[in-house]
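K.L.:
Numbering (the numbering used here), first residue to last: 86 to 288. Ideal Cβ placement from N, Cα and C applies to all residues, glycine included. Structure incoming, see below.
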């Protein structure tokens with residue numbers, strides 16, 4: 086099975102997490118950062134969930150109607166058969182479903198993520214080898230400067246000036262040169278460094 090990579094805006098969307106154990110808690114921790122309406126349903130819920138201020142905790146057995154208003158449902162119980170039942174109902178209701186550690190029953194899967202400010206890199210092996218995804222995440226992260234978010238903000242601040250000042254034929258090479266210079270320095274450029282590059286391209 087192949088998965089098409091997409092980034093979803095979960096802001097204010099309902100995400101239903103069925104399960105209250107350690108695996109569910111790990112998923113909840115990641116989702117809680119994305120501004121979604123996180124709803125956790127399970128007969129037993131670990132104390133660690135109480136630290137998630139944005140999460141609604143419902144301590145009972147899940148019901149099929151719980152999925153009605155969900156944008157995404159995550160089946161994270163410790164019962165594979167129950168997880169498969171959740172996935173079946175989600176499919177009938179046309180709700181995206183992730184079954185933890187069971188890609189065959191999932192319409193959506195989680196990937197290893199690298200975040201540096203507005204930069205987000207997702208790495209997935211389609212569920213075949215999560216350890217390989219983690220390995221690649223660590224290797225790629227080593228190539229990204231710690232101040233990469235500052236670099237992106239800096240380059241974004243230059244963009245209007247460059248679009249207004251330089252001809253279209255020059256811009257791609259200039260943007261590339263500025264980015265590569267920032268990556269080489271591991272930081273935004275100083276004023277003299279910027280002037281030197283701009284002079285090469287005619288200003």
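Kindly identify the DSSP beta-bridge partner or partners of residue 174.
P.N.:
DSSP lists no partner for residue 174.
K.L.:
Is residue 207 helix, strand or coil by DSSP?
P.N.:
strand
K.L.:
What residue from 102, 192 and 119 has the CA that sits closest to residue 128's CA?
P.N.:
102
K.L.:
Output the boundary residues of the alpha helix (DSSP H) element that contains residue 160.
P.N.:
Run containing residue 160: none in the alpha helix (DSSP H); it sits in the beta strand (DSSP E), 157-160.
K.L.:
Starting from the C-beta of residue 336, find all residues in its chain whose C-beta is less than 7 Å away, skip the five residues before and the five after it, and write them out in chain order.
P.N.:
The structure shown has nothing for residue 336, since the chain only spans 86 to 288.
K.L.:
Use the C-beta contact count for residue 97: other C-beta atoms within 10 angstroms, 16 or more gives buried, fewer gives exposed.
P.N.:
Exposure of residue 97 is indicated by the presence of fewer than 16 other C-beta atoms within 10 angstroms of its C-beta.
K.L.:
Could you check what DSSP says for residue 115 in three-state terms: helix, strand or coil?
P.N.:
helix
K.L.:
If we count the other Cβ atoms within 10 Å of its Cβ and call it buried at 16 or more, is residue 174 buried or exposed?
P.N.:
buried
K.L.:
Which residues in the same chain as residue 235 place their Cβ atom closer than 8 Å to its Cβ, once the five residues preceding and following it in sequence are excluded?
P.N.:
Excluding residues within five positions, the ones whose Cβ falls inside 8 Å are 202, 272 and 273.
K.L.:
In the DSSP assignment, find the alpha helix (DSSP H) that holds residue 216 and state where it starts and stops.
P.N.:
Taken as a continuous stretch (DSSP letters only), the alpha helix (DSSP H) holding residue 216 covers 215-227.
K.L.:
Let me know the secondary structure DSSP gives residue 355 once reduced to three states.
P.N.:
This structure cannot speak to residue 355, because the chain is shown only from 86 to 288.
K.L.:
In its own chain, which residues sit with a C-beta less than 6 Å from the C-beta of residue 178, not counting the 5 before and 5 after it?
P.N.:
152
K.L.:
Within 8 Å, do at least three Cβ pairs link the segment 249-264 to the segment 221-231?
P.N.:
no
K.L.:
Can you tell me whether residue 141 is helix, strand or coil according to DSSP?
P.N.:
strand
K.L.:
By the three-class DSSP mapping on this structure, what secondary structure does residue 121 have?
P.N.:
coil
K.L.:
Taking Cβ to Cβ, would you say residue 142 is nearer than 8 Å to residue 125?
P.N.:
In contact: residue 142 and residue 125 (Cβ atoms closer than 8 Å).
K.L.:
Near residue 192, what residues of its chain come up, given a Cβ to Cβ distance below 6 Å and the 5 sequence neighbours on each side ignored?
P.N.:
The answer, listed in chain order, is 181 and 182.
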